[in-house]
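Chains as they are written, first to last, in the working numbering: chain A, 1 to 178; chain B, 179 to 929.
The beta-carbon is built from N, C-alpha and C at its ideal position, and this holds for glycine as well.
Please read these numbers as outputs of a predicted model, since none were measured by experiment.
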Amino acid sequence: MTVRFVVNDDPVELTVPGARRLLDVLREELGLTGTKEGCGEGECGACTVLLDGEVVDACLVPISQVDGHTVQTVEGLAARRPSVDRPAAPDDLNQLQWAFLETGGAQCGICTPGMLMAGQAFLASGAPATDAAIREAIAGNLCRCTGYTKIIEAIALAATRRDQAESLGPTSDHAGRP
Amino acid sequence: MPVGRTAPAPPAPGTVLPDTPTPGPAPGRGPLRREGPAKLTGTALYTDDLVFPGAWHGATIRSTEARARLLAIELDPAFDWSKVVVVTAGDIPGPNIVNSIQDDQPILATDEIRHHAEPIVLVAAPDRALLRQAVGQVIVRTEPLAPVLDPLASDRVFVHYEIETGDLAAGFAEATLVIEGEYRVGHQEQLYIENNAMIAVPRADGGVAVHGSLQCPYYVHNALKRSLLLTDEQAQVVQAETGGGFGGKEEYPSILALHAALLARACGRPVRMIYDRHEDIAATTKRHPAVVRYRSGVAADGRLVAQDIEIVMDAGAYCTLSPVVLSRGTLHAGGPYACPNVRIRSRAVATNTPPNGAFRGFGAPQTEFAAEMQVNRIAEALGESPLDLRRRWLYRPGDTTPTGQVLRESVAAEEVLERAAEAAEFERVRARTAGDRAQRGPDARSAHGIGLALAWHGAGFTGSGEVHLASVASVELTADGRLVILIGSTEMGQGTKTIFPQLVADALGVPMDDVEFAPQDTALVPDSGPTVASRTAMVVGGLVIEACRRLRAVVEERSGGPFADTYRADAGTHGATRIDQHFRPYPGVDFDDTTYRGDAYPAFGWASAVAEVDVDLDTGEVAVRSVVAADDVGRVIHPVLAEGQVEGGTLQAVGYATIEEIKLHDGRYLNDRLATYLIPTALDAPRISTILVEAPFSGAPHGAKGIGELPMDVGAPAVVAAIHDATGVWIHDLPASPERILAAMDTLVRR
């Protein structure tokens, strides 16, 4: 089938079997390999992306369900997108990515894209960033390196900065940076 | 100076934040992770992210029996085999052996199948659909044989050790209290979130390059050279970004690289072998299960006077690294406690189960769990606080270990214990839980408990291992004036790519951003030994610092000025200068591998943990609420990364203690999926507070010892002690599952 959707602000049109997983379309058709596969059955959350702003496991979503919708992946988070010629640098990052870098929320990095998307959805929800609320928000994302400690710290830090920025007035850009 | 846990100061309320976050680390927290931006933007390339045009996909056909005679491999003649390639043992140019300690594991099974999921046939095809079809048309004919599944019933011993010191009989004769115990621990899966993955690419010179997720490029390099009959240059191993290892990518990638390389040679194209989670759990190595028996004697004055310890580890079907896993388990089995009369006998035996291998801690978590259980049970029998008992018994400088090693320096058992106990307010909380327990009525629904553990962990390879490794680490000032670190040590999340530039910048007096880290490619970097055994910061870090000192001296001698100001001009004048630093034995460290006497490790790291749990008295479920971890790492190089190691290791230990369990049926792992093999989520994870302690090791120029494995040794015994504090029952077998806790509580009530 032909599907049309938006990925990270870019419109996409593709002809693919409707049952093909969103994960495979992102990684293999669109070259967006930032989204990772850890289990292929919705248990680990490594393939977490946002579908119309909602957290989904891209391994469980057939592409037919994406037709007409909007997908955001880790590649869409950075304030300035890296390229082959210009590797990622700290000042490319959005506020949440920056908080991960600062606190040590990424170690091996394989769960990081999914964690960031779950964290981004949590920040966008505007919910108070209590320890319990953050843990709940990332409960579907497994990490084996960090013990979650610094991931939770990173999301809390980004939320604190978000709240401070909000109290200063409406100057957010698309990536949620103040 | 000990570095405590200090969070970066948040901006003061009302601070106007800059439009972009200020690049730069928080003060005192260490530099930013070097490859962090790539990982955070999704641009870091893991194996499955690499694109090789025209690559085929490979698959492994595996045994579905624990033990069988392999009679025939048949290809269904109705299928068009011209479009795919099939590889069996007969296609291997060299020895059908996965290079390791013993030559017992075949790359592909031939006569006898020895474990479930053993590789038998390889297939590659241009696309996944055709690959699936082809795999379905391969018929493996076998005749079942009776498997050996119980390690205690196995008469095939891969390796055994015996350590004896003092006079055991005299020790027990002096004892007025003797405590015996048998403890069992099961398999644990490393569960890196990136599965094992390898891509093999044929080289024009007849060799092969493999790009994969791996810890030890030169292990894979040796395996390829040996079985494919390749030269050093023809075999090329390149580490891709690696999504966690924890030991699970120490030795396993060798067989996977061999499989991918054999298929790539057969089809003349790149071949991708990317395991899915099911295959990864079913086929790859786990932590060794063990049965550990103790008999401990305590004299009337409270001294530990005798320990008789027997260890049986289940190696699985092939030897892999079992001799060194068992060795480390044996050497640590006495725990960090002085005892004059000790006997430790151990063996690793074969069973018809998938081979076990390296996993963070490497044999020590198994035996130190048992050792700590003994100490806690003795404290209970003596009516003494488990903290006070450890204070009396723990190793102090000058004490002698069961191998006769005198602990001359860098002994921090007391400091980690005191700091963890103080931060967790162990005695105050313990008094409260004791009061709660005394007043608890029959209608109580939950119970709170606190538990303590102490451990030691030998830094670097065991015994003369580092001497045999003969590691080389290099630093080069290139002809165009760049500074490059050349080591085979890999980044897998722990921070290698950050701390090495840090160490070099410090040693050369240059900005860290001016120091490059060469890719982990055997064509470019020397063999600095495997990235295992918490050895990288200590051993390879030490070599790199020494190389820098020599480079600095050479350049400053020539230029007459400070290195930082003169090295670029020096490169212009003199061209490239490369220093290869070879490992030299640590002075005064001597171990006899045959008698097991001497200095088993150049130094030990020390760890303590205090855990608090809530136990649901109806369901037996355990919630681990908090862990305070104090770990002595010699010298902290990077506080954020070091804390990250402690936090991650602690949670793996909490999982080991409470929920992680492999169920076997007829030698097959039953729960070989993430839906059934559970690891802790953010909701299961305790609050973890880290205290980093520094008792420097004088043999390393920077004093660092190692950190990765320390927290794995103490988490499980601390949690199980807390469960006991809450419920009054001792759980001797890991994990302390709800079923085991309820059964033990039932027994307690009936008694």
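query = Are methionine 376 (chain B) and alanine 438 (chain B) closer than 9 Å when you measure CB to CB?
reply = Counted from its first residue, the second sequence places residue 376 (chain B) at position 198. Counted from its first residue, the second sequence places residue 438 (chain B) at position 260. In this structure, alanine 438 (chain B) lies closer than 9 Å to methionine 376 (chain B) by Cβ.
Valine 932 (chain B) versus B:Leu248, B:Ala657, B:Leu630, residue with shortest Cα-Cα distance = Nothing can be reported for residue 932 (chain B): it is not among the residues displayed for chain B, which extend from 179 to 929.
inquiry  = So aspartate 305 (chain B) contacts chain A; which residues on that side make the cut at Cβ distance below 9 Å?
reply    = By one-based count along the second sequence, residue 305 (chain B) stands at place 127. Within 9 Å Cβ-Cβ: nothing; aspartate 305 (chain B) doesn't reach chain A, min ~11 Å.
message = Quick check on the burial criterion: 16 or more other C-beta atoms within 10 angstroms. Buried or exposed for leucine 861 (chain B)?
response = For the purposes of this step, residue 861 (chain B) is identified with residue 683 of the second sequence, where counting begins at 1. Exposed is the call here.
request  = Would you mind listing the alpha helix (DSSP H) stretches within the region 381-410 of chain B that are 4+ residues and don't spill past its ends, in chain order?
outcome  = 395-406
Identified DSSP bridge partners for tryptophan 634 (chain B) = The residue you call residue 634 (chain B) lines up with position 456 of the second sequence. DSSP lists B:Trp784 as partners of tryptophan 634 (chain B).
key: Residues in the region 647-677 of chain B having any Cβ partner in chain A nearer than 9 Å   = Glu669, Met670, Gly671, Gln672, Gly673
query = Using the beta-carbon of each residue, which ones in chain B are nearer than 7 Å to phenylalanine 100 (chain A)?
reply = In the first sequence, residue 100 (chain A) corresponds to position 100, counting from 1. Within 7 Å Cβ-Cβ: Leu218.
inquiry  = For a cutoff of 9 Å on Cβ pairs, would you count arginine 27 (chain A) as touching chain B?
reply    = Taking the first sequence and counting its residues from 1, one reaches residue 27 (chain A) at position 27. So, interface residue.
query = Since tryptophan 234 (chain B) contacts arginine 506 (chain B) with CB under 8 Å, what's their CB separation in whole angstroms?
reply = Translated into positions along the second sequence, residue 234 (chain B) becomes position 56. Translated into positions along the second sequence, residue 506 (chain B) becomes position 328. That pair is no contact at about 40 Å.
key: Nearest-angstrom beta carbon gap, glycine 671 (chain B) and cysteine 145 (chain A) [assumed within contact, 8 Å]   = Numbered from 1 along the first sequence, position 145 holds the residue referred to as residue 145 (chain A). Numbered from 1 along the second sequence, position 493 holds the residue referred to as residue 671 (chain B). That belief holds up - the Cβ atoms of cysteine 145 (chain A) and glycine 671 (chain B) are roughly 5 Å apart, short of 8 Å.
inquiry  = Which of the three DSSP states is assigned to histidine 69 (chain A) in this structure?
reply    = The sequence position of residue 69 (chain A) within the first sequence is 69, counting from 1. In this structure, histidine 69 (chain A) counts as coil in the three-state DSSP scheme.
task = Tell me the start and end of each unbroken alpha helix (DSSP H) in the region 541-602 of chain B that is at least 4 residues and wholly inside, in chain order.
result = 542-560, 564-571, 591-601
query = From B:Val326, B:Gly641, B:Glu243, pick the residue whose C-alpha is nearest to that of glycine 766 (chain B); which is it?
reply = One-based indexing of the second sequence puts residue 766 (chain B) at position 588. Among B:Val326, B:Gly641, B:Glu243, the Cα nearest to that of glycine 766 (chain B) is on B:Gly641.
key: chain B contact for alanine 46 (chain A) (CB, 9 Å cutoff)   = Within the first sequence, the letter at position 46 stands for residue 46 (chain A). So, interface residue.
request  = Could you run through the region 63-93 of chain A and flag, in chain order, every residue whose CB is less than 8 Å away from some CB of chain B?
outcome  = Thr73, Val74, Glu75, Leu77, Ala78, Ala79, Arg81, Pro82, Pro87, Ala88, Ala89, Pro90, Asp91, Asp92, Leu93
inquiry  = Out of B:Arg618, B:Trp634, B:Ala878, B:Met890, which one is the CA nearest neighbour of tyrosine 515 (chain B)?
reply    = Within the second sequence, residue 515 (chain B) is the residue found at index 337, counting from 1. Taking only the C-alpha atoms, the option nearest tyrosine 515 (chain B) is B:Trp634.
ask   = According to DSSP, is aspartate 281 (chain B) helix, strand or coil?
value = Numbered from 1 along the second sequence, position 103 holds the residue referred to as residue 281 (chain B). In the structure shown, aspartate 281 (chain B) sits in coil (DSSP, three-state: anything other than H, G, I, E or B).
query = Taking the beta strand (DSSP E) that tryptophan 98 (chain A) falls in, what are its first and last residues?
reply = For the purposes of this step, residue 98 (chain A) is identified with residue 98 of the first sequence, where counting begins at 1. From DSSP, tryptophan 98 (chain A) is part of no beta strand (DSSP E) but of the alpha helix (DSSP H) over 95-103.
key: Boundaries of the alpha helix (DSSP H) in which valine 732 (chain B) is found, first to last residue   = The count along the second sequence starts at 1 and reaches residue 732 (chain B) at position 554. Looking at the DSSP string, the run of the alpha helix (DSSP H) that includes valine 732 (chain B) is 719-737.
inquiry  = DSSP has methionine 491 (chain B) in a bridge; who is on the other side?
reply    = Here residue 491 (chain B) is taken as the residue at index 313 of the second sequence, counted from 1. Bridge partners of methionine 491 (chain B): B:Ala468, B:Ala526.
ask   = What's the C-alpha gap between alanine 106 (chain A) and isoleucine 138 (chain A)?
value = Counting from 1 along the first sequence, the entry for residue 106 (chain A) is found at position 106. Counting from 1 along the first sequence, the entry for residue 138 (chain A) is found at position 138. Approximately 14 Å, taken between the alpha carbons.
request  = Would you mind telling me which residues of chain A sit closer than 8 Å to arginine 851 (chain B), beta carbon to beta carbon, in chain order?
outcome  = The residue you call residue 851 (chain B) lines up with position 673 of the second sequence. Per Cβ cutoff of 8 Å: Cys39, Glu41, Glu43.
message = Restricting to Cα atoms, I'd like to know which of A:Leu51, A:Ala118, A:Glu166 is closest to histidine 69 (chain A).
response = Taking the first sequence and counting its residues from 1, the one referred to as residue 69 (chain A) is at position 69. Measuring from the Cα of histidine 69 (chain A), the nearest candidate turns out to be A:Leu51.
request  = Could you check what DSSP says for isoleucine 134 (chain A) in three-state terms: helix, strand or coil?
outcome  = Residue numbering aside, residue 134 (chain A) sits at position 134 when the first sequence is read from its first letter. It is helical.
request  = Give me the Cβ distance between glutamate 839 (chain B) and isoleucine 857 (chain B), rounded to the nearest whole Å; I'm assuming they're in contact under 8 Å.
outcome  = Walking along the second sequence from the start, residue 839 (chain B) turns up at place 661. Walking along the second sequence from the start, residue 857 (chain B) turns up at place 679. 11 Å between Cβ atoms; not a contact.
query = Just how far apart, CA to CA, sit proline 575 (chain B) and arginine 569 (chain B)?
reply = Taking the second sequence and counting its residues from 1, one reaches residue 575 (chain B) at position 397. Taking the second sequence and counting its residues from 1, one reaches residue 569 (chain B) at position 391. Using only the alpha carbons, I get a separation of about 14 Å.
request  = Compare the C-beta of alanine 139 (chain A) against all C-beta atoms of chain B and say whether one is closer than 9 Å.
outcome  = If you number the first sequence from 1, residue 139 (chain A) lands on position 139. Yes, contact with chain B.
query = Does the beta-carbon of arginine 525 (chain B) have 16 or more other beta-carbons within 10 angstroms, so that it is buried, or is it exposed?
reply = In the second sequence, residue 525 (chain B) corresponds to position 347, counting from 1. Flag for arginine 525 (chain B) reads buried.
task = Can you pull the chain C residues whose beta carbon is under 7 Å from the beta carbon of threonine 859 (chain B), in chain order?
result = The question asks about chain C, but that chain is absent: this structure's protein chains are A and B.
Closest residue to alanine 250 (chain B) among B:Arg319, B:Gln393, B:Ser432, B:Val337 (Cα-Cα distance) = The count along the second sequence starts at 1 and reaches residue 250 (chain B) at position 72. That would be B:Arg319, whose Cα lies nearest to the Cα of alanine 250 (chain B).
message = Let me check one thing: in DSSP terms, what residues is methionine 376 (chain B) bridge-paired to?
response = Reading the second sequence from its first residue, position 198 is the one you call residue 376 (chain B). In the DSSP output, where bridge partners are listed per residue, methionine 376 (chain B) has B:Gly390, B:Met451.
ask   = Are there 16 or more other CB atoms within 10 angstroms of the CB of proline 199 (chain B), so buried, or fewer, so exposed?
value = Taking the second sequence and counting its residues from 1, the one referred to as residue 199 (chain B) is at position 21. Low local confidence applies: a pLDDT of 45 at proline 199 (chain B) is under 50, so the model's placement there is unreliable, with the coordinate-based value given in what follows. Buried is the call here.
query = Interface residues of chain A around leucine 369 (chain B) at Cβ under 7 Å?
reply = By one-based count along the second sequence, residue 369 (chain B) stands at place 191. Under the 7 Å cutoff, chain A gives Arg144.
inquiry  = Going by DSSP in three states, glutamate 342 (chain B) sits in which element: helix, strand or coil?
reply    = Here residue 342 (chain B) refers to the residue found at position 164 when the second sequence is read from its first residue. If DSSP states are grouped into helix, strand and coil, glutamate 342 (chain B) belongs with the strands.
ask   = Per DSSP, which one or two residues make a beta bridge with glutamate 790 (chain B)?
value = Residue mapping note: residue 790 (chain B) aligns to position 612 of the second sequence, counting from 1. In DSSP, glutamate 790 (chain B) forms a bridge with B:Ile628, B:Ser804.
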